[in-house]
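Engineer: Handing you a structure now.
Next up, the structure:
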């Protein structure tokens, strides 16, 4: 088996993540949001996953999909510490390895007490906000609209 | 005239009748991503439908078929792509439209009475989704990924799998292009079983290598997920 690189960027990421500024909206959801574990018990539902889980998985996959001719080149760059994808045509918005390592780091720090898959969702959104791909205020406004829309149905 | 309204209808299945903040967040972030052009609704729908349709049955059936048919067993070990096609999965085109998890190699790891395989992805959580479905939570955690390669016997024992010292344990590390499933030894007590009966006892945990198949065991272990107590170094 190949020698493991025990000083891989993930350890740096985890150390760095301990100092990441929490996102207020996500902290509020973390504190007040009802997780599937609790909802399923309250309503007597036996599905192990919430109904939005497959949509979340679809979102993670589609954000990592790109027209870049070599996905391996993107991941290799990330592992070597090169996160600049501005010259790579068709590079995906959020490549898989970056997202997963940030999820690992956030799962051991800011979101360590959140069950799965809510933890995966918070980490994904955190990564998107950190990269400026979505804005916290836009998300807060849209969540309010979603709640109103669904309550009216 | 009175009517008897008890027509044997089953009561409706319970459902969650509130929208959690997490559900609203998932919808909100998805809508914003689509509006900003990060992906299209159509592409998202395709990936979601793929996620909804995959599961461990194809891989379980491959093992069951291999136990019953020596020629198919050889095919699994020498030409896994053709072996996967026999259970309805074309690994070169698993979704029909492409996925960043596309890869072209799945290897079947054959256990023997003195050799046990177990699979991990130390970098992230690569997994042969088209034939095995989605990975369980514990497979994705740094706790499993870092510790299995260092202390495999101990980690397997935490799953309830205690192997005699004379059984060698081989850990296979997956990557973007190559994924694995384990072909366990066919257990005693399954003589004369049909392919369907055998498929039922080849659980997802057996195919990863953290459990051994047993007559009567058709479900996976429910494992509480913990942060690693020992540091990785």
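Chains as they are written, first to last, in our numbering: chain L, 1106 to 1258; chain D, 7 to 239. Ideal placement from N, C-alpha and C gives every residue a C-beta, glycine not left out. From a predicted model like this one, the values you see are computed outputs, not experimental measurements.
(1) When Cβ atoms are compared, which residues of the segment 1237 to 1255 of chain L fall closer than 7 Å to chain D?
(2) For residue 89 (chain D), is the classification buried or exposed, using 16 other Cβ atoms within 10 angstroms of its Cβ as the cut-off for buried?
(3) Taking residue 1128 (chain L) as the query, report the chain D residues whose CB atoms sit under 7 Å from its CB, ordered along the chain.
(4) Report yes if the C-beta distance between residue 20 (chain D) and residue 1150 (chain L) is below 8 Å; otherwise report no.
(5) Starting from residue 167 (chain D), follow the alpha helix (DSSP H) in both directions and report where the run begins and ends.
(6) Using the C-alpha atoms, what's the distance from residue 1230 (chain L) back to residue 194 (chain D)?
(7) How about residue 212 (chain D): is its C-beta nearer than 8 Å to some C-beta of chain L?
(8) Can you check the segment 130 to 185 of chain D for any alpha helix (DSSP H) of at least 4 residues that lies completely inside it and give the ranges in chain order?
(9) Answer yes if the segment 36 to 43 of chain D comes into contact with the segment 154 to 163 of chain D, meaning at least three C-beta pairs across the two stretches below 8 Å, and no otherwise.
(10) I need the DSSP call for residue 224 (chain D), collapsed to helix, strand or coil.
(11) Can you give the Cα-Cα distance for residue 237 (chain D) and residue 142 (chain D), rounded to whole angstroms?
(12) Should residue 1148 (chain L) be labelled buried (16 or more other beta-carbon atoms within 10 Å of its own) or exposed?
(13) Does any residue of chain L have a CB that is nearer than 8 Å to the CB of residue 123 (chain D)?
(14) Can you pull the chain D neighbours of residue 1223 (chain L), defined as C-beta to C-beta under 7 Å?
(15) Give the straight-line distance between the Cα atoms of residue 1246 (chain L) and residue 1168 (chain L), rounded to the nearest whole angstrom.
(16) Just curious, the beta strand (DSSP E) that residue 115 (chain D) is in, first and last residue?
(17) Consult DSSP for residue 1254 (chain L) and reduce its assignment to one of helix, strand or coil.
(18) So residue 97 (chain D) packs on residue 136 (chain D), CB below 8 Å; how close in whole Å?
(19) Do you know how far the Cα of residue 1235 (chain L) is from the Cα of residue 1197 (chain L)?
Structural biologist: On the basis of the coordinates in this document:
(1) Taking 7 Å as the cut-off between beta carbons, the residues of the segment 1237 to 1255 of chain L near chain D are 1238, 1239, 1243, 1244, 1247, 1248, 1251, 1252, 1255, in sequence order.
(2) Classification for residue 89 (chain D): buried.
(3) Counting only Cβ-Cβ distances below 7 Å, residue 1128 (chain L) has no contacts in chain D at all, with the closest Cβ about 11 Å away.
(4) The answer is yes: Cβ separation under 8 Å.
(5) For residue 167 (chain D), there is no enclosing alpha helix (DSSP H), as DSSP marks it with neither H nor E.
(6) Whole-angstrom Cα-Cα distance: 49 Å.
(7) Closer than 8 Å: no.
(8) Given a length threshold of 4 residues, each whole run of the alpha helix (DSSP H) inside the segment 130 to 185 of chain D is given here in chain order: 135 to 138, 143 to 146, 148 to 154, 158 to 164.
(9) Short answer: they don't touch.
(10) Residue 224 (chain D) carries a coil assignment under DSSP once its states are collapsed to helix, strand and coil.
(11) Bear in mind that the predicted position of residue 237 (chain D) carries a pLDDT of just 42, short of 50, making it unreliable; the figure below should be weighed with that in mind. Cα to Cα, residue 237 (chain D) sits roughly 23 Å from residue 142 (chain D).
(12) Residue 1148 (chain L) counts as exposed, since fewer than 16 other beta carbons sit within 10 angstroms of its beta carbon.
(13) The beta carbon of residue 123 (chain D) does not come within 8 Å of any beta carbon belonging to chain L, so the residue lies off that interface.
(14) Under the 7 Å cutoff, chain D gives 28.
(15) When the Cα atoms are used, residue 1246 (chain L) and residue 1168 (chain L) turn out to be separated by approximately 22 Å.
(16) Element bounds for residue 115 (chain D): 111 to 116.
(17) Residue 1254 (chain L): helix per DSSP, three-state reduction.
(18) At roughly 6 Å, the Cβ-Cβ gap stays under 8 Å, so residue 97 (chain D) and residue 136 (chain D) are in contact.
(19) When only Cα atoms are considered, residue 1197 (chain L) and residue 1235 (chain L) end up about 16 Å apart.
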